[in-house]
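Written below as structure tokens is the structure these notes are about.
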Amino acid sequence: MTQPNGQKASVTSLVWGCMIIGVAGLVALMACVPPVSRDALTHHLYIPKLYLQQGRIFEIPQIEFSYYPMNLDLLYLIPLYFNNDILPKYIHFAFALATAWMIYRYLIRRINKPYALLGSLFFLSIPVIVFQSTVVYVDLGLVCFLFAALMYLFKWIEDDLKIKYLVISAVFCGLALGTKYNGLIGLFLLGLFAPFVYARRHSDEPSHAGKAIGYSAVYVLVAMIIFSPWMIRNVIWTGNPVYPLYNSVFNSGAVSTERANEDEPEKQMPRMNPLQIRRDLYGESGLEIALIPLRVFFQGRDNDPKYFDGRANPFLLILPIFAFFGIRSDSRQVRTEKFLMLGFLVLFLLFACAQAVIRIRYFAPIFPPLVALSMFGLHHIQGKFLGENSQISIVVKRIVVFVIIFVMLGLNAKYMVERLNYVRPLDYLTGKLSRDEYIQKFRPEYASMQYANRNLSEEDRILGVYIGNRGYYSDIDIVFSLDLLQNLAAKAKTPKNIAEGLRERGITHLLVNYELFNHWVKNYSLHEKQMLKDFFEQRTKTEFSKDRNGLLKVI
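Numbers 710 to 1264, taken from the numbering used here, label the letters of the sequence shown in order.
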């Protein structure tokens, strides 16, 4: 990838273009199976399904996620209306493709076409982006909207601070807010960048401070107007526009957990801060905790919260460093863009790492700027570090660049193969596994839910015990609780008292994960254990059981 000219640039572009098509095709293949991811079954599909059943948007106090902004979830309503729960994956994937297109459009103007295509390829194949592209989540919408907001902020700077581009940027930021609460971090940062840029460029004007604050106010106001429907909804339901966040501020006399789980016992578990979680729960040293913002790029594992529940790519950390070598030779606009991207990604990463639970997808909005800076860095390595060194032969220079790209993309390709082997879409597409068999393979409670759907009535109600709040596949009214049975057992004098307590809540059946229940019941008191043992023996009847999950009728 030397400075492209003629046929060489065309061939390079063709290679990257074909690889982009290949990655997109492989992701599309992995997305064509029934949804089994946790968040899809707990809220991203489950809540829209409940809205469709009722024919309206309504408050669901027992599901805390129902108070979150739902721009993308409402899009998922459309295919769900037509009984298609696979198409939402492609809607989510479309936001990754849109982001890749924006990366391409940005880099083709700042570097060249081969690097623009390579940047798009790199982004689409990042492990966490691949994972997100094959599940029904909303993070890729947040990534897309925030990157669009950043790009239009750059356009605002480039076109002499024309207000229309600032407004467009704020609109995209508002859409990000309406997608996920993490967009609040983006609003804070971008709303801070606007006055900073204005003040730097008009520092000689006597009234520059007031105008800078005015630009920031316009930005925040426009973004909040776009976000306002979700705030109004939450104010009506809870009195808190960003419920459940900052509930102690908006509802100082209320306890947020009471609203979400009215049947839970009143005991309050102590809240652990991020430092305590990493130290006490995962046994990490102070140095390991301090290095988390770097570790997330080198350590990562799907479905393992200790290792950030996802995987990135170490080149996202290494290559951007080289983007700032020789930065004085860049134009003023490019320098500004580089530093704004650096500030955005560093601050966003630090905010995300300060959360109680650190997941790579929570700071996915930093990946497009990181990819852009990575391409700047690789271009600088090729053009400056290697290109201007006459002591290194052309062959060696090409080998070095090839090795960097090969390893960079190879790490992503390795993950894609692992993901393909995990999802196994061909088993479903070829008919080796039916839809029910495929879902059962990943969600062992599914068969019990299907039995309940076929045999229970609309008057019945199920209590899910250690089912992970995955209610999407249940057509029968289902509620979830980890503590309700224990709480009833603690107060009970006879097993009948437990059964009566369940009936008072309209609960007629239990759906129990036997393995998890038997594990956690060991921590109960002797009285609670005895009451529950007698209750299950005397006051329940097993109607269906498969794969260590069972449906029990309360008698």
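All residues carry an ideal CB built from backbone N, CA and C; glycine is no exception.
Remember, it's a predicted structure, so these values are computed and weren't measured experimentally.
Endpoints, the alpha helix (DSSP H) within which residue i is located
i: E1224; result: 1223 to 1229
i: F902; result: 892 to 910
i: S1254; result: Segment 1249 to 1255 is the beta strand (DSSP E) holding S1254; no alpha helix (DSSP H) there.
i: V1080; result: 1076 to 1089
i: E1146; result: 1144 to 1151
i: G1052; result: 1041 to 1062
i: Y1233; result: Premise fails: Y1233 is in no alpha helix (DSSP H) and is neither H nor E.
i: L750; result: Premise fails: L750 is in no alpha helix (DSSP H) and is neither H nor E.
i: I1069; result: Run containing I1069: none; DSSP gives neither H nor E here.
i: Y991; result: Premise fails: Y991 is in no alpha helix (DSSP H) and is neither H nor E.
i: R1107; result: 1103 to 1132
i: T947; result: 917 to 947
i: M779; result: Segment: none, M779 is in no alpha helix (DSSP H) and carries neither H nor E.
i: Y1181; result: Neither: Y1181 is in no alpha helix (DSSP H) and is coded neither H nor E.
i: I835; result: Neither: I835 is in no alpha helix (DSSP H) and is coded neither H nor E.
i: C882; result: 872 to 886
i: K889; result: No alpha helix (DSSP H) holds K889; DSSP gives it neither H nor E.
i: Q1195; result: 1193 to 1200
i: K864; result: 848 to 867
Alpha-carbon spacing of residue i relative to residue j, whole angstroms
i: S1038; j: Y861; result: 24 Å
i: D1186; j: F1053; result: 44 Å
i: F1189; j: T751; result: 11 Å
i: N1206; j: D1243; result: 11 Å
i: D869; j: F804; result: 29 Å
i: M1050; j: A858; result: 12 Å
i: L783; j: F1006; result: 33 Å
i: F1253; j: V1132; result: 28 Å
i: F863; j: Q1149; result: 48 Å
i: V720; j: N821; result: 14 Å
i: R1163; j: G726; result: 49 Å
i: P1074; j: V847; result: 12 Å
i: Y1223; j: L1197; result: 19 Å
i: K871; j: Y924; result: 11 Å
i: F880; j: L930; result: Correcting the residue identity first, residue 880 is Val in this sequence and not Phe. If you take the alpha carbons of V880 and L930, they lie about 10 Å apart.
i: A740; j: E1213; result: 42 Å
i: L735; j: E997; result: 36 Å
i: G1180; j: Y777; result: 17 Å
i: R1041; j: K798; result: 41 Å
i: R1004; j: V958; result: 34 Å
i: V1116; j: T1045; result: 30 Å
i: M1240; j: L781; result: 45 Å
i: I1027; j: G1009; result: 16 Å
i: V724; j: V1110; result: 15 Å
Residue i vs residue j beta-carbon contact at 8 Å
i: P677; j: V742; result: Because the chain spans 710 through 1264 in this model, residue 677 falls outside it and cannot be assessed.
i: F936; j: G895; result: no
i: I1069; j: A999; result: no
i: K1106; j: L1095; result: yes
i: G1259; j: S1183; result: no
i: L1172; j: L1193; result: yes
i: S722; j: L786; result: no
i: Y928; j: L875; result: yes
i: C1062; j: I986; result: no
i: L1211; j: V1263; result: yes
i: G887; j: W939; result: yes
i: I1113; j: L1087; result: yes
i: V652; j: Y890; result: Nothing can be reported for residue 652, as the shown portion of the chain is limited to 710 through 1264.
i: I866; j: V906; result: yes
i: P757; j: L789; result: yes
i: L899; j: S878; result: yes
i: G828; j: A1081; result: yes
i: L833; j: V745; result: no
Residue i - partner residues in DSSP beta bridges
i: D1186; result: R1170
i: L1220; result: G1173, L1260
i: R814; result: R814 is not bridged to any residue.
i: G1019; result: R1010
Run of the beta strand (DSSP E) containing residue i, from where it starts to where it stops
i: V1263; result: 1258 to 1263
Outcome for residue i when other beta-carbon atoms lying within 10 angstroms are tallied against a minimum of 16
i: K873; result: exposed
i: Y1124; result: buried
i: H1228; result: exposed
i: P915; result: exposed
i: W810; result: exposed
i: L1058; result: buried
i: I934; result: exposed
i: E1237; result: buried
i: I1030; result: exposed
i: S994; result: exposed
i: L761; result: exposed
i: I1216; result: buried
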